[in-house]
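Q:
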Amino acid sequence: MFSDNKKPRTMNEIGAQPNRISKHTKIKGDIISEADFRIDGKLDGNVKTTGKVVIGKDGYIHGKVECVNADIEGSFNGELLVSDLLSLKSSAVIEGTVSVSKLAVEPGATFNASCTMKGKGASSSSSSNFKTTIGTAANEPAKAS
């Protein structure tokens with residue numbers, strides 16, 4: 001109960017509300033926040049947060065994103081730096097460069113990126129360049145080009 005072994009809590013665990021850019025909103029500029037962010041509109045710029053970034057199915061970001069975790073259903077083009085888990089949903093389209101610790105990809109996601117997987121405490125454990133569509137609507141296996 002009164003242990004000194006407490007890990008830091010994110011803003012949302014403390015009670016901060018996540019930020020949201022709605023579907024019919026377009027923003028040009030940079031965003032810096034300690035709270036989670038959900039993008040359902042369009043952003044031409046950079047996002048830096050100590051929380052989670054969610055790009056909704058209709059969302060699009062062109063720029064650089066730095067975050068702890070990310071869930072992507074929409075489109076991203078640029079540099080994506082995720083210190084923990086990147087989760088790509090079946091409708092996701094990713095182009096550019098990606099640096100991540102853990103990667104989860106649903107069948108159907110399009111991942112056209114240079115990807116660097118970071119291990120715990122290591123600067124880089126592996127790097128790969130590939131263009132692939134992970135599955136299709138017919139659930140075909142992934143094909144690398």
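Oh and the sequence shown: position 114 is 114 in the UniProt record's numbering, straight run, nothing missing. Just so it is clear, CB atoms sit at the ideal spot from N, CA and C, and this is done for glycine as well.
Going by C-alpha distance, which of Gly63, Val98, Ala92, Leu88 is nearest Ser75?
A: The count along the sequence shown starts at 1 and reaches residue 75 at position 75. Answer by Cα proximity: Ala92.
Q: So Val98 packs on Ala113, CB below 8 Å; how close in whole Å?
A: Here residue 98 is taken as the residue at index 98 of the sequence shown, counted from 1. Here residue 113 is taken as the residue at index 113 of the sequence shown, counted from 1. Between Ala113 and Val98 the Cβ distance is about 5 Å, and since that is below 8 Å, they are a contact.
Q: Any beta-carbon of chain C closer than 7 Å to the one on Ile31?
A: Among the chains of the structure shown, chain C does not appear; only one protein chain is present.
Q: Rounded C-beta distance between Val65 and Leu80? I'm assuming under 8 Å.
A: Residue mapping note: residue 65 aligns to position 65 of the sequence shown, counting from 1. Residue mapping note: residue 80 aligns to position 80 of the sequence shown, counting from 1. Val65 to Leu80, Cβ: 5 Å. Contact.
Q: Could you say which of Phe111, Pro18, Ile94 lies nearest to Thr49 if we only look at CA atoms?
A: As a first step, residue 49 is located in the sequence shown; it is residue number 49 there, counting from the start. Selected option, being the one with the closest Cα: Pro18.
Q: Check the C-beta distance from Asp40 over to Lys28 and give it rounded, since I have them as a contact under 8 Å.
A: Within the sequence shown, the letter at position 40 stands for residue 40. Within the sequence shown, the letter at position 28 stands for residue 28. That pair is no contact at about 16 Å.
Q: Just curious, the beta strand (DSSP E) that Gly96 is in, first and last residue?
A: Counted from its first residue, the sequence shown places residue 96 at position 96. Run containing Gly96: 93–105, per the beta strand (DSSP E) assignment.
Q: Put residue 149 into one of helix, strand or coil per three-state DSSP.
A: Any property of residue 149 remains undetermined from this structure, which presents the chain solely from 1 to 145.
Q: Between which two residues does the beta strand (DSSP E) containing Ser114 stretch?
A: Working through the sequence shown from its first residue, we reach residue 114 at position 114. Note, Ser114: beta strand (DSSP E), 110–117.
Q: Classify Thr25: buried if its beta carbon has 16 or more other beta carbons within 10 angstroms, exposed otherwise.
A: Here residue 25 refers to the residue found at position 25 of the sequence shown. It counts as exposed.
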